[in-house]
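When we follow my numbering, the leftmost residue of the sequence shown carries the number 596, and every step to the right adds one.
Data block below; observations after.
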Amino acid sequence: MVPLATLFAILREKADNDAVRDKLIRWYWGGIFGELYGSAVESQFANDVPEVMSWIDGGEEPSTVVKCNFAPGRLYTLKSRLSAAYKGLYAILIRDGGLDFLSGVPINIQTYFYERIDIHHIFPKDYCKKPDSGAHDYDSIINKAPISTMTNRIIGGNAPKIYLKKLIDDKGIKEDRLDTILASHVIDANAL
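Here it is in structure tokens:
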């Protein structure tokens, strides 16, 4: 965030230009998903600011954009909440406003604190630890979605087929509405 703030401070009104914003966005997400800000951030920061400024002025792409290489398989091993890529993906999920499984309320920056949103397991850890679950990589980001604390309590340690049925039977959520809610998190209801 410090390099981005620095770039905005240097650019001032120029940062409002669409072409400049596009480059800043490419650089920012390249750094996040390329996980280039995991260690030695001072040297990365020291390189990025002049390189990005040069790029904006017509120069070469910065090394952060060139070096960015996010392999889709990385999603299976992305487990640490401290990882820039984990935080970045979580930020995108919040930005895109998936709906809470129980309340149907859009999860966004406005509801994040009020609804006590956190990222929770879709296939709960307790369920996944059972020998017959066949689950692995259950702590990866692909098995998580932002939902409210209340919803997480209802889910408990149950398999999705159990807690989704509970949401339909006990909480009165219509099946097609639940499918819409799951789709808002890029979850295929049929896959659960």
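Ideal Cβ positions, reconstructed from N, Cα and C, are used throughout, including at glycine.
Because the structure is a prediction, the values reported are computed rather than measured.
Residue i, buried or exposed, once every other Cβ within 10 Å from all chains shown has been counted against 16
i, result
"D643", "buried"
"E646", "buried"
"N738", "buried"
"L677", "exposed"
"G729", "exposed"
"G629", "buried"
Beta-carbon spacing of residue i, residue j below 8 angstroms
i, j, result
"I689", "I704", "yes"
"L777", "K756", "no"
"T659", "G625", "yes"
"K674", "D765", "no"
"G693", "S779", "yes"
"P719", "I749", "no"
Reduced DSSP category for residue i - H, G, I as helix; E, B as strand; rest coil
i, result
"L694", "strand"
"A730", "coil"
"I749", "helix"
"K609", "helix"
"A778", "helix"
"A649", "The sequence given here has Ser at residue 649, not Ala. Residue state, collapsed to three classes: helix."
"S743", "strand"
"P701", "strand"
"I689", "helix"
"I712", "strand"
"P598", "helix"
"D765", "coil"
Presumed contact (8 angstroms Cβ cut-off) between residue i and residue j, rounded CB distance
i, j, result
"F743", "I712", "This sequence places Ser at residue 743; Phe is not what is there. Confirmed, Cβ separation roughly 6 angstroms."
"I717", "A740", "6 angstroms"
"T746", "F708", "Wrong, their Cβ atoms sit about 16 angstroms apart, outside the cutoff."
"V615", "I651", "6 angstroms"
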